[in-house]
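2 protein chains.
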Amino acid sequence: MATPIPSESSSPRDRLLETAAGLFYAEGIKGVGVDRILSEAGTTRATMYRHFPGKEALVAAYLEREDAIIRGYFAAAAEAGGSPTELVAAVIEGIAEDATRYHRRGCPFINAAAEYPDADGEIRQIIERHRTWFRSTLAAVLDAASVADAERVAASLVLLRDAALVGVYLDGDTVSADFRRTARSVVGLG
Amino acid sequence: MATPIPSESSSPRDRLLETAAGLFYAEGIKGVGVDRILSEAGTTRATMYRHFPGKEALVAAYLEREDAIIRGYFAAAAEAGGSPTELVAAVIEGIAEDATRYHRRGCPFINAAAEYPDADGEIRQIIERHRTWFRSTLAAVLDAASVADAERVAASLVLLRDAALVGVYLDGDTVSADFRRTARSVVGLG
DNA sequence: GTGTAGAAAGAACGTTCGTTCTACTATGGC
DNA sequence: GCCATAGTAGAACGAACGTTCTTTCTACAC
Chain A
0 MATPIPSESS
10 SPRDRLLETA
20 AGLFYAEGIK
30 GVGVDRILSE
40 AGTTRATMYR
50 HFPGKEALVA
60 AYLEREDAII
70 RGYFAAAAEA
80 GGSPTELVAA
90 VIEGIAEDAT
100 RYHRRGCPFI
110 NAAAEYPDAD
120 GEIRQIIERH
130 RTWFRSTLAA
140 VLDAASVADA
150 ERVAASLVLL
160 RDAALVGVYL
170 DGDTVSADFR
180 RTARSVVGLG
Chain B
0 MATPIPSESS
10 SPRDRLLETA
20 AGLFYAEGIK
30 GVGVDRILSE
40 AGTTRATMYR
50 HFPGKEALVA
60 AYLEREDAII
70 RGYFAAAAEA
80 GGSPTELVAA
90 VIEGIAEDAT
100 RYHRRGCPFI
110 NAAAEYPDAD
120 GEIRQIIERH
130 RTWFRSTLAA
140 VLDAASVADA
150 ERVAASLVLL
160 RDAALVGVYL
170 DGDTVSADFR
180 RTARSVVGLG
């Protein structure tokens with residue numbers, strides 16, 4: 000099974016979250032029971048319920064964690080320096096690479112949304128916040144690079160990223176080339 | 000709740016499938032139990048297990064039904080006459096309209112794939128077949144309309160349709176305009 | 001009429017679900 | 001030494017899961 004083993008030494012809470020995140024992403028949320036998480040994290044029920052009010056809180060923490068990771072990517076890319084145009088290219092490249100490397104089972108947020116129909120629930124609100132942040136951040140980056148109609152282009156890029164993640168999952172890696180080409184054309188990069 | 004009531008008169012099997020399809024799409028598959036389906040379809044366990052070996056067969060039938068409906072759309076559009084180019088335009092328009100009208104909760108196949116990680120399982124095979132058919136049918140339509148590089152353009156269109164369905168679900172109807180514009184540009188329609 | 005099949009009704013199966021609980025142990029601060 | 005905290009261990013809860021079963025009733029074919 001080669002489960003991504005949360006290093007024995009880390010805290011139970013970290014192991015719990017890391018294990019849950021891995022399982023939720025790999026197998027879907029409703030398809031994974033707390034017993035699975037507990038046994039693979041090597042901890043017990045009491046410990047889990049000490050740190051999280053319930054399973055849904057674990058789901059929320061999983062998505063918040065995913066959100067934080069992606070924000071980290073952006074922060075790192077921004078700090079890495081380079082012209083605004085280079086940053087735009089780096090973002091597109093980063094999305095393509097992420098899809099084929101770390102997100103071969105699709106987008107965690109889209110997948111979660113498939114299982115959580117209630118648009119007012121906590122889970123969907125986290126998804127909503129993430130997507131809003133992503134779109135506006137993209138718009139800011141594009142605007143800095145003097146891309147015309149940054150808002151609209153950003154919306155298109157979000158669409159394309161969704162498609163790339165779904166496509167790599169269901170159709171294979173060839174999709175990432177399609178994404179790169181289309182995205183670069185949309186933002187006006189040769 | 001205003002459940003889409005499967006007309007009392009239809010056969011138990013039809014009511015079962017219709018109800019299950021509605022519930023699976025609206026609330027996710029693992030999130031719906033057979034008891035729910037049974038009570039909303041107004042039938043009993045014994046009847047269900049006479050017609051379907053189990054829940055998974057019901058899921059499979061739901062996706063096959065969805066597949067058949069979409070193939071029906073294509074057949075109808077093709078029979079409606081018109082030039083190949085008009086057919087291409089009609090397909091794009093049909094997708095945009097479908098997303099905002101009948102598939103406001105996203106793509107049934109993408110949503111199902113989120114819950115079924117096993118690529119070799121029956122469910123994922125149905126999804127695979129559907130996507131392959133869709134892409135190749137699109138390529139044929141584009142080729143007939145003398146669109147250059149029909150295969151590649153078809154792949155792009157599949158991507159865009161995925162994005163449109165996800166986008167309308169999570170971001171709202173404005174996405175459908177983005178889809179129309181981008182899709183028409185990709186296939187070379189003014 | 002008799003026989004057969006499909007549907008309704010509902011009890012019951014064992015399993016798993018998420019959750020709560022008690023009891024015991026190890027750790028660290030005062 | 002003492003208390004609080006956080007961990008382990010495991011029993012137990014009621015509810016829901018998917019599935020199997022028996023029984024009764026209706027309808028249509030022969």
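Chains as they are written, first to last, in numbering that gives the first Met the number 0: chain A, 0 to 189; chain B, 0 to 189. Glycine included, each C-beta is placed from N, C-alpha and C at the ideal position. Quick caveat, the model's predicted, so the values are computed rather than measured.
Q. Ordered along the chain, which non-local residues of its own chain (more than five positions away) have a Cβ less than 7 angstroms from that of D117 of chain A?
A. R123
**Q.** Coil, strand or helix - T2 of chain A by DSSP
**A.** With a pLDDT of 41 at T2 of chain A, under the threshold of 50, the modelled position of this residue cannot be trusted; read the value that follows with caution. DSSP places T2 of chain A in coil when its eight states are reduced to three.
Q: Under 8 angstroms between beta-carbons, which chain A residues line up against R104 of chain B? List them in chain order, please.
A: P116
Q. What is the C-beta distance between V186 of chain B and V146 of chain B, in whole angstroms, given that I count them as a contact (C-beta under 8 angstroms)?
A. 6 angstroms
Q. Whose CA, out of A:S175, A:S184, A:N110, A:A56, lies closest to the CA of T99 of chain A?
A. A:S175
Q) Considering only residues of the same chain and omitting the five flanking positions on each side of A143 of chain A, which have a CB-CB separation below 7 angstroms? A) P83
Q: Check whether the Cβ atoms of E114 of chain B and G30 of chain A lie closer than 8 angstroms to each other.
A: yes
Q) Which two residues bound the contiguous alpha helix (DSSP H) that contains D66 of chain A? A) 54–78
Q. Quick one: is R104 of chain A buried, meaning 16 or more other Cβ sit within 10 Å of its Cβ, or exposed?
A. buried
(Q) My parser needs the alpha helix (DSSP H) runs of 4 or more residues fully inside the region 135–176 of chain B; what are they? (A) 149–170
Q. Mapping DSSP to helix, strand and coil, what is P116 of chain B?
A. coil
Q) Residues in the region 144–172 of chain B with C-beta within 8 angstroms of chain A's C-beta atoms, listed in sequence order? A) R151, A154, S155, V157, L158, L159, D161, A162, A163, V165, G166, Y168, L169, D170
Q: Specify, as a first and last residue, the run of the alpha helix (DSSP H) that S38 of chain B falls within.
A: 33–40
Q. Of all the residues that make up the region 70–86 of chain A, which are near chain B by a beta-carbon distance shorter than 8 angstroms?
A. none
Q) Just curious, the alpha helix (DSSP H) that Y24 of chain B is in, first and last residue? A) 11–26
Q. Do you know how far the Cα of G171 of chain A is from the Cα of L159 of chain A?
A. 15 angstroms
Q. Mind pulling the chain B residues with CB within less than 8 angstroms of I126 of chain A?
A. L169
Q. Of all the options B:A95, B:L22, B:G27, B:A76, which has the alpha carbon lying nearest to the alpha carbon of V167 of chain B?
A. B:A95
Q) Between the beta-carbon of L22 of chain B and the beta-carbon of E39 of chain B, is there less than 8 angstroms? A) yes
Q.
Check this for me: beta carbons of V58 of chain A and I36 of chain A, under 8 angstroms apart or not?
A. no
Q | Span separating the alpha-carbon of T136 of chain A from that of T181 of chain B | A | 22 angstroms
**Q.** A149 of chain B versus V140 of chain B: straight-line alpha-carbon distance, rounded
**A.** 8 angstroms
**Q.** Buried/exposed call for I68 of chain A, threshold 16 Cβ in 10 Å
**A.** exposed
Q. Considering only C-alpha positions, which residue in the set B:D177, B:P11, B:D119, B:I126 is nearest to A153 of chain A?
A. B:D177
Q.
According to DSSP, simplified to helix, strand and coil, what is T43 of chain B?
A. coil
Q: Establish whether the CB of R130 of chain A and some CB of chain B are separated by less than 8 angstroms.
A: yes
Q: Would you list, in chain order, the members of the region 47–65 of chain A that have their beta-carbon closer than 9 angstroms to a beta-carbon of chain B?
A: none
Q: Report the neighbours of G21 of chain B on chain A: residues whose CB is nearer than 7 angstroms to its CB, in chain order.
A: Near G21 of chain B there are no residues of chain A at all, since even the closest Cβ is about 12 angstroms away, more than 7 angstroms.
Q: Report the three-state DSSP secondary structure of Y101 of chain B (helix, strand or coil).
A: coil
(Q) Please report the distance separating the alpha-carbon of P11 of chain B from that of A162 of chain A. (A) 38 angstroms
(Q) For a quick check, are the C-beta atoms of E55 of chain A and I125 of chain A less than 8 angstroms apart? (A) no
Q: Can you grab the Cα-Cα spacing for the pair C106 of chain B / E121 of chain B, in whole Å?
A: 18 angstroms
Q) Do you know offhand how far R134 of chain B's Cα is from A89 of chain B's? A) 16 angstroms
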